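Numbering (my numbering), first residue to last: 27 to 201.
Below, the structure is given as structure tokens:
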């Protein structure tokens, strides 16, 4: 959220990634319908893949909102939320990558705990950002724009925590 050069191409790239992820989600659901035995509970797989897709949908939403609102810069609070989003999504990626082997359960649980901490940090940043925004921002249009960005970014961390909770459930059932 620091470089707004070539924003349109970046938004299109994110949209393309999200469309590819949708295809993976649909293919996974289709495979679940055809597969009799799965290494992890079918419902857990379905929840995991759909929640991950929710994360990508929200990231696409954030990019489109920045473009739609024609933001040229953002607040330090929005940058901090974006950093927390990046950290959360990287941790989700790491945890999911380790799920293939339940011997990784301790590592996975540690990553899930980190996701929970990052989401909690995002909650605190969000509350402080909203308070400052409503207290200090004189331009109502800018207030509306920033509020929308803050909310989308914080919601991404909520969805990451949802994925973390699903992963923890998978660990409890299978480790």
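Cβ coordinates follow ideal geometry from the N, Cα and C atoms, glycine included.
Being a predicted model, the structure only gives us computed values, none of them experimental.
Query                                                                                                                  : Result
Reduced DSSP secondary structure (H/G/I, E/B, other) of residue 172                                                    : helix
Spatially closest choice to residue 102 from 169, 67, 151 and 68, by CA coordinates                                    : 151
Nearest to residue 201 (by Cα), restricted to the options 132, 105, 114 and 95                                         : 132
Proximity below 8 Å, CB of residue 197 to CB of residue 134                                                            : yes
First through last residue of the alpha helix (DSSP H) which encompasses residue 146                                   : 131 to 162
Beta-carbon proximity list for residue 74, same chain, < 6 Å, skipping 5 on both sides                                 : 192
Burial state of residue 208 (16 or more Cβ within 10 Å)                                                                : For residue 208 there is no data in the structure shown, the boundaries of the chain being 27 and 201.
Proximity to residue 117 [Cα-Cα], best of 183, 72 and 199                                                              : 183
Proximity below 8 Å, CB of residue 175 to CB of residue 111                                                            : no
C-alpha distance - residue 188 paired with residue 78, whole-angstrom precision                                        : 9 Å
Spatial neighbours of residue 137 in its chain, beta-carbon cut-off 7 Å, leaving aside the 5 residues before and after : 117, 120 and 121
C-beta atoms of residue 220 and residue 113 nearer than 8 Å                                                            : Lying outside 27 to 201, the shown extent of the chain, residue 220 is not represented and no answer is given.
Check whether residue 129 and residue 180 have beta carbons under 8 Å apart                                            : no
Local conformation of residue 110 per DSSP, three classes                                                              : helix
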